[in-house]
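Residue numbers (the numbering used here): 20 to 174. C-beta atoms are modelled at their ideal positions from N, C-alpha and C, and glycine is treated no differently.
Written out as structure tokens, the structure reads:
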């Protein structure tokens, strides 16, 4: 009877292993992360932070991010991206097999914007949500996150 109970756990452990393995992301050096958390836009640019808090529920999977339909990378729990853009309109999107989220931001020179991305449990792949948050909330939550290296290079 104990052997049957043990064998039942093998598939569960295997699934957990593969889910957590998919959550790997390319993190930037700590010095870059600290510098990014000064929350200042460079001259002539606007800055956008897209972050994901370290929630326990739905946190294991990596969520892909696109900017203007171009791959930018993927977030894991407790991570963020920072991009410095020329003024203009940019579309940020993320999707899973069950949902998608899109936010459009009209970036202005000297302004800093924050997009919070959340992963929720779903039937199969989970669900993603994104919302723009105010600077105080965004700064407070990003301070607890690690900077990621993005594959999207703004002009």
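Delimiting residues of the alpha helix (DSSP H) encompassing residue i
i, result
"residue 161", "154-161"
Start and end residues, beta strand (DSSP E) containing residue i
i, result
"residue 50", "Where residue 50 is concerned, there is no enclosing beta strand (DSSP E), although the alpha helix (DSSP H) it sits in stretches over 49-55."
"residue 13", "Lying outside 20 to 174, the shown extent of the chain, residue 13 is not represented and no answer is given."
"residue 123", "119-126"
"residue 89", "89-94"
"residue 134", "131-139"
"residue 108", "107-114"
"residue 68", "65-71"
Contact under 8 Å by Cβ, residue i with residue j
i, j, result
"residue 147", "residue 67", "no"
"residue 73", "residue 163", "yes"
"residue 87", "residue 174", "no"
"residue 140", "residue 46", "no"
"residue 169", "residue 91", "yes"
"residue 111", "residue 69", "yes"
"residue 103", "residue 61", "yes"
"residue 136", "residue 94", "yes"
"residue 99", "residue 84", "no"
"residue 65", "residue 129", "yes"
Residue i - partner residues in DSSP beta bridges
i, result
"residue 168", "Beta-bridge pairing links residue 168 to no other residue."
"residue 151", "134"
"residue 58", "For residue 58, which the question treats as bridged, DSSP gives no partner whatsoever."
Any chain C beta carbon closer than 8 Å to residue i
i, result
"residue 130", "Among the chains in the structure shown there is no chain C, since it carries only a single protein chain."
Given residue i as reference, the closest of the options once Cα atoms are compared
i, options, result
"residue 115", "97, 171 and 138", "138"
"residue 59", "119, 131 and 48", "131"
"residue 117", "142, 98 and 61", "142"
"residue 16", "149, 128, 171 and 134", "Outside the shown range of the chain (20 to 174) lies residue 16, about which nothing can therefore be said."
"residue 119", "171, 150 and 63", "150"
"residue 71", "171, 152 and 172", "152"
"residue 63", "113, 53, 57 and 107", "107"
"residue 172", "89, 50 and 51", "89"
Cβ distance (whole Å) where residue i is taken to contact residue j below 8 Å
i, j, result
"residue 145", "residue 97", "Actually they are not in contact, since the Cβ atoms of residue 145 and residue 97 sit about 17 Å apart, beyond 8 Å."
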